[in-house]
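Colleague: Quick one: structure below, then a few questions.
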Amino acid sequence: MKKIYLTLILSLAVLLGADAQSAKSVILVYLDGGPAQTDTFDPKPEAGRSYTGSLKGVAKTNVEGIEIGEKLPLLATMADKYSLIRTMTHGSNAHETGHYAMITGDTSGAAVVYPSFGAVISYKLRDSYKGVLPCYISVTAANSRFNEGGFLGNAYKSFDTGGRPESKTYEVEGVVNKFVDKERMSQRMSLLGEFEKNDIEKAKIDSLRGVNMEFIWGNSREVFNLDNEPDSVRQRYGKSKLGQSCLVARRLVEAGVPFVNVRMTGWDTHKKHFQRMNSMLPQLDKALSALISDLDARGLLESTIVLCGGEFGRTPKVLWEAPWNGGRAHFGKTFSYLVAGGGFHGGKVVGKTNKTGEEVAERPVWPCDLIGTIYLLMGIDPYGTLPHVSEGDLPILPSLLEKPDEHGLLYEIIDIKKK
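First residue of the sequence shown: 0, per numbering that gives the first Met the number 0; consecutive thereafter.
Quick look at the structure:
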């Protein structure tokens, strides 16, 4: 009963404090495996080689007092467009647990499997979203099974595009097949129609097929056709998988898709960390800076939240010993996220770590704090409920309620005021 009253009180407080929904879409650039915060958004150049390895420099940004990793010079020129959360935490060093925490916002340890926040947004928009494209799309694959609908059901899970956006033809599973042209598909549909002439369910089948055919052969198909983009734009994003995936994400948002998940694997750098960062960080720099600047130039950044991070960070102290020989291990104690657009302020830093980056010094930020703030900006009550088929209504973010003194939405970098 106490929890119910607390939910009602907090929900009322949020409703009284919310001015208006400021975000219409979310793009999550998910660095699967765990990017090193000290090499990206929380560098520690004074900590010495034991912590910096070969990446001992920094890039000074266009916001005084904010520095990021030396391999991110393009992002450094636009720090006024994004904010950095340097004290994300959930304490887990396991991939599965970290994924679950960052994708669902749930660290309560409850027995039920919560839906991803993409699925929750899809569920909340089920009556208002009228697009032909799915409400929740992953380019090119969901991060894990936790990107599914959880107890909301598979109707709200991610649609995975598959394919390779960086290749000549981006073959989207079930939509784009380079071996089947429109004429051949039309012939197949005519033949199928002959077989179904006397089917008593024909009207229902035709209705569903009409939606599917619009998805496959209508204007929405062109969203995935990157040949429509000038080569200069494609080059600016980078011809890497990450770069072209971010370009697809921008096109999907332009088409009105509310949630786009861009997943990039390869960030689990136990070995050869610095060699891999020398190629992966420049790709990230090009892709993410192009995405943010492109959204801004097209007037979409104000209504589009952009997030970048992974399931955890990596050990600030380098593992020089064998068999790692210069790698970084999993680190869930404190790590970084970049947030931009959709109501988030730019040019700010939330939280502070100690001089080596191994401890939270100020303002821990939990997954539910970040995701709850995204819900708030999307016009969704972060203290509301979701329906469970057997448990009844459950808190949308149980961790916000379980230890309210330890959690708090990111009011310091949004315009909505806490009441």
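All residues carry an ideal CB built from backbone N, CA and C; glycine is no exception.
Identify whether Arg327 lies in helix, strand or coil by the three-state DSSP scheme.
Modeller: Position 328 of the sequence shown, counting from 1, holds the residue named residue 327. It is coil, neither helix nor strand.
Colleague: For Glu66, write down the residues that DSSP places opposite it in a beta bridge.
Modeller: Numbered from 1 along the sequence shown, position 67 holds the residue referred to as residue 66. DSSP, once it has assigned bridges, lists Lys59 as partnering Glu66.
Colleague: Could you please give me the residues that DSSP links to Thr308 through a beta bridge?
Modeller: As a working mapping, residue 308 is identified with position 309 in the sequence shown. Sequence inspection shows Gly at residue 308; the Thr mentioned does not correspond to that position. BP columns for Gly308 point to Tyr29.
Colleague: Give me the Cβ distance between Thr76 and Ile67, rounded to the nearest whole Å; I'm assuming they're in contact under 8 angstroms.
Modeller: Mapped onto the sequence shown, residue 76 falls at position 77. Mapped onto the sequence shown, residue 67 falls at position 68. That belief does not hold up - the Cβ atoms of Thr76 and Ile67 are roughly 11 angstroms apart, past 8 angstroms.
Colleague: Roughly how many angstroms lie between the CA atoms of Asp267 and Ala93, to the nearest whole one?
Modeller: Position 268 of the sequence shown, counting from 1, holds the residue named residue 267. Position 94 of the sequence shown, counting from 1, holds the residue named residue 93. Going by the C-alpha atoms only, they are around 11 angstroms apart.
Colleague: I believe Thr355 touches Lys43 by the beta-carbon criterion, under 8 angstroms. Please report the beta-carbon distance rounded to the nearest angstrom.
Modeller: Position 356 of the sequence shown, counted from the first residue, corresponds to residue 355. Position 44 of the sequence shown, counted from the first residue, corresponds to residue 43. Right, their Cβ atoms sit about 6 angstroms apart.
Colleague: Which partner residues does His272 have in the DSSP bridge list?
Modeller: In the sequence shown, the residue the question calls residue 272 occupies position 273. The bridge partners DSSP lists for His272 come to none.
Colleague: Assuming Thr314 contacts Ala328 (C-beta within less than 8 angstroms), just tell me the rounded distance between them.
Modeller: Position 315 of the sequence shown, counted from the first residue, corresponds to residue 314. Position 329 of the sequence shown, counted from the first residue, corresponds to residue 328. With 8 angstroms as the limit, Thr314 and Ala328 qualify as a contact, their Cβ atoms being about 5 angstroms apart.
Colleague: Could you check whether the region 285-303 touches the region 361-369, counting it as contact only if at least three pairs of C-beta atoms, one from each stretch, sit closer than 8 angstroms?
Modeller: no
Colleague: Considering Cα atoms alone, identify which of Trp323, Val232, Lys316 and Tyr81 is closest to Lys55.
Modeller: As a working note, residue 55 is residue 56 in the sequence shown. Checked all of Trp323, Val232, Lys316 and Tyr81; the closest Cα to Lys55 is Lys316.
Colleague: In whole angstroms, give me the CA-to-CA distance for Ile412 and Ala321.
Modeller: Your numbering for residue 412 matches position 413 in the sequence shown. Your numbering for residue 321 matches position 322 in the sequence shown. If you take the alpha carbons of Ile412 and Ala321, they lie about 43 angstroms apart.
Colleague: Tell me the residue span of the beta strand (DSSP E) that contains Gly391.
Modeller: Mapped onto the sequence shown, residue 391 falls at position 392. Unbroken beta strand (DSSP E) run through Gly391: Gly391 to Pro394.
Colleague: Thr103: which of Gly407, Thr168 and Pro397 sits nearest, CA to CA?
Modeller: Locating residue 103 in the sequence shown gives position 104, counting from the first residue. Of Gly407, Thr168 and Pro397, the residue nearest in Cα terms is Pro397.
Colleague: In chain order, which alpha helix (DSSP H) runs of at least 4 residues are fully inside the region 246-298?
Modeller: 272-296
Colleague: Taking a contact to mean a Cβ-Cβ separation below 8 angstroms, would you say Thr333 touches Asp31 in this structure?
Modeller: As a working mapping, residue 333 is identified with position 334 in the sequence shown. As a working mapping, residue 31 is identified with position 32 in the sequence shown. No. Outside cutoff.
Colleague: Just to confirm, is the Cβ distance from Ala118 to Gly312 under 8 angstroms?
Modeller: Looking up residue 118 in the sequence shown gives position 119. Looking up residue 312 in the sequence shown gives position 313. Contact flag unset, no.
Colleague: Under three-state DSSP, which class holds Glu419?
Modeller: As shown, the chain starts at 0 and ends at 418. That puts residue 419 outside it, with no answer to give.
Colleague: Nearest to Pro394 by alpha carbon, out of Gly342, Ser231 and Asp105?
Modeller: If you number the sequence shown from 1, residue 394 lands on position 395. It is Asp105.
Colleague: What are the partner residues of Asp159, as DSSP defines its beta bridges?
Modeller: Along the sequence shown, one-based indexing puts residue 159 at 160. Bridge partners of Asp159: Ser137.
Colleague: Mark Gln234 as exposed unless 16 or more other C-beta atoms lie within 10 angstroms of its C-beta, in which case mark it buried.
Modeller: Start at 1 with the first residue of the sequence shown, and residue 234 comes out as number 235. Under this definition Gln234 is an exposed residue.
Colleague: Using C-beta distances below 6 angstroms, list every residue in its chain close to Gly308, excluding the 5 sequence neighbours before and after it, in chain order.
Modeller: The residue given as residue 308 occupies position 309 in the sequence shown. Here the set comprises Tyr336.
Colleague: Decide if Val388 is buried, meaning its Cβ has at least 16 other Cβ atoms within 10 Å, or exposed.
Modeller: Looking up residue 388 in the sequence shown gives position 389. It counts as exposed.
Colleague: Locate the alpha helix (DSSP H) running through Tyr81, then write down its first and last residues.
Modeller: Here residue 81 is taken as the residue at index 82 of the sequence shown, counted from 1. No alpha helix (DSSP H) contains Tyr81, which is instead part of the beta strand (DSSP E) from Tyr81 to Met87.
Colleague: Check whether the Cβ atoms of Leu132 and Val247 sit closer than 8 angstroms, and answer yes or no.
Modeller: As a working note, residue 132 is residue 133 in the sequence shown. As a working note, residue 247 is residue 248 in the sequence shown. Against a cut-off of 8 angstroms, the Cβ pair of Val247 and Leu132 comes out as no contact.
Colleague: When we look at the beta-carbon of Trp319 and count the other beta-carbons within 10 Å, is it buried (16 or more) or exposed?
Modeller: Residue numbering aside, residue 319 sits at position 320 when the sequence shown is read from its first letter. Trp319 comes out exposed.
Colleague: Go to Tyr336, then tell me how far its alpha helix (DSSP H) extends in each direction, as first and last residue.
Modeller: The residue you call residue 336 lines up with position 337 of the sequence shown. No alpha helix (DSSP H) contains Tyr336, which is instead part of the beta strand (DSSP E) from Phe334 to Ala339.
Colleague: Hey, Cys134 and Val256: beta-carbon distance below 8 angstroms or not?
Modeller: Residue mapping note: residue 134 aligns to position 135 of the sequence shown, counting from 1. Residue mapping note: residue 256 aligns to position 257 of the sequence shown, counting from 1. Yes, Cβ-Cβ distance for Cys134 and Val256 is below 8 angstroms.
Colleague: Short check: CB of Val338 to CB of Ser24, under 8 angstroms?
Modeller: Within the sequence shown, numbered from 1, the residue matching residue 338 stands at position 339. Within the sequence shown, numbered from 1, the residue matching residue 24 stands at position 25. Going by C-beta atoms, Val338 is not nearer than 8 angstroms to Ser24.
Colleague: Buried or exposed for Lys123, please, with buried defined as at least 16 other CB atoms from any protein chain shown within 10 angstroms of its CB.
Modeller: One-based indexing of the sequence shown puts residue 123 at position 124. Lys123 comes out buried.
Colleague: So, is Gly371 buried or exposed, given that buried needs 16 or more other C-beta atoms within 10 angstroms?
Modeller: Locating residue 371 in the sequence shown gives position 372, counting from the first residue. Looking at its Cβ environment, which holds 16 or more other Cβ atoms inside 10 Å, Gly371 is buried.
Colleague: Return the CA-CA distance between Asp226 and Leu73, expressed in angstroms with no decimal places.
Modeller: Taking the first residue of the sequence shown as position 1, residue 226 is located at position 227. Taking the first residue of the sequence shown as position 1, residue 73 is located at position 74. Between Asp226 and Leu73, the C-alpha separation is close to 25 angstroms.
Colleague: Just the Cα atoms here: how many angstroms apart are Ser49 and Phe158?
Modeller: As a position in the sequence shown, residue 49 is number 50, starting the count at 1. As a position in the sequence shown, residue 158 is number 159, starting the count at 1. Taking the straight line joining both Cα atoms gives about 42 angstroms.
Colleague: How long is the line joining the alpha carbons of Asp380 and Lys417, rounded to whole angstroms?
Modeller: Position 381 of the sequence shown, counted from the first residue, corresponds to residue 380. Position 418 of the sequence shown, counted from the first residue, corresponds to residue 417. Distance between the alpha carbons of Asp380 and Lys417 is about 13 angstroms.
Colleague: Give the straight-line distance between the Cα atoms of Phe150 and Met377, rounded to the nearest whole angstrom.
Modeller: Looking up residue 150 in the sequence shown gives position 151. Looking up residue 377 in the sequence shown gives position 378. Going by the C-alpha atoms only, they are around 21 angstroms apart.
Colleague: In terms of residue numbering, what span does the beta strand (DSSP E) encompassing Thr384 cover?
Modeller: One-based indexing of the sequence shown puts residue 384 at position 385. First-last of the beta strand (DSSP E) with Thr384: Thr384 to His387.
Colleague: Note down, in chain order, each residue of its chain lying with its Cβ closer than 6 angstroms to the Cβ of Asp38, except the 5 sequence neighbours on either side.
Modeller: Within the sequence shown, numbered from 1, the residue matching residue 38 stands at position 39. Excluding sequence neighbours, Asp38 sits near Leu54, Gly68 and Met276.
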